[in-house]
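Heads up: the structure comes next, in structure tokens.
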Amino acid sequence: LLDALGIERAVFAGHDWGGFVSWGMTVRHPDRCEGAIGVNTPYMAFPTTEQLRAVFKDDEKLYILWFQQRGVAEGVLDKNPRLVFEKLMRRATGPAPGLLFRGDAPIDANPFRRLETLEAPGAPLLDAEELEVYTRAFTHSGFFGPISWYRNADKDKRVVPELGVKPLTLPCLMVTASWDGALPPQAALPMRALCSDLEVQELACGHWTQQEQPAALTRVMLDWLRRKVAA
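For what it's worth, my numbering labels the leading residue of the sequence shown as 35, then goes sequentially.
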């Protein structure tokens, strides 16, 4: 993409699984990276299915493992794309309990297979027009493509084994979300030992940082870019 646009170096930013892509750029192509920004997702190794199964004995109880068998998850989600976004894209209302554990015990962390009965806390993040855009797009394409990213996690680990291990010396911004139960701020603590030029900013929101705090996230990113990159 950089070659096609005639750009030598750029800053890469990513949220959630996209965070693994942006951090992966710093490891695979450091010469093309001016800096990196993680939103909710810290600089960490890909979780493998073996590691996840060591904790979750039942694949159905963790959405990442449930996603592994081709045809199963998309067979459920493709039936009602609108419901996926109505139930899951919700505004956080305060500190969230762990989405994977209660104390040390794993919980049923697969809301996708029980969307019809799922209690959806918090206000919807999408208005009617935005919801229609998502619904129309996924009605057309289905969920096979996005879910296939999860099916590639073990291969990603083999392709980029240094991710979350190799020290980084380029400028890094980590934006954490106070109320993200899946990627809590403390998940970013190990980055301090791996990133020599690290800035951490925390926003009061849940998992969907871009939708919950768009102005604040933009402000934090632009301020960091001006100080660390533009200068």
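Each residue gets a CB set at the ideal place from its N, CA and C atoms; glycine is no exception.
{"Item": "Can you give me the C-alpha to C-alpha distance between V110 and W57, rounded to a whole angstrom?", "Value": "31 Å"}
{"Item": "Helix, strand or coil for Q247 per DSSP?", "Value": "coil"}
{"Item": "Whose C-alpha, out of L165, L251, G72, A38, is nearest the C-alpha of L117?", "Value": "L165"}
{"Item": "Among I41, L36, G72, which one has its Cα closest to the Cα of G53?", "Value": "G72"}
{"Item": "From Q247, P219, Q235, V199, pick the residue whose C-alpha is nearest to that of L228; which is it?", "Value": "V199"}
{"Item": "Which residues bound the beta strand (DSSP E) around Q235?", "Value": "232-237"}
{"Item": "Straight-line CA distance for A126 to W183?", "Value": "26 Å"}
{"Item": "How many angstroms separate the CA atom of M225 from the CA atom of T203?", "Value": "12 Å"}
{"Item": "With a cut-off of 8 Å on the beta carbons, I'd call T83 and Q103 a contact; round off their distance for me.", "Value": "Not confirmed; about 11 Å, so no contact."}
{"Item": "Whole angstroms are fine: how far does the CA of V45 sit from the CA of A264?", "Value": "11 Å"}
{"Item": "With the cut-off set at 8 Å, would you say A154 and K121 are in Cβ contact?", "Value": "yes"}
{"Item": "From the DSSP output, in three-state form, read off A47 for me.", "Value": "strand"}
{"Item": "If you reduce the DSSP assignment to three classes, tell me which class L202 lands in.", "Value": "strand"}
{"Item": "Can you name the residues that DSSP bridges to A70?", "Value": "F46, C206"}
{"Item": "Can you tell me which residues form a DSSP beta bridge with P158?", "Value": "R124"}
{"Item": "Have a look at L207 and Q247 and give me their C-alpha separation to the nearest angstrom.", "Value": "17 Å"}
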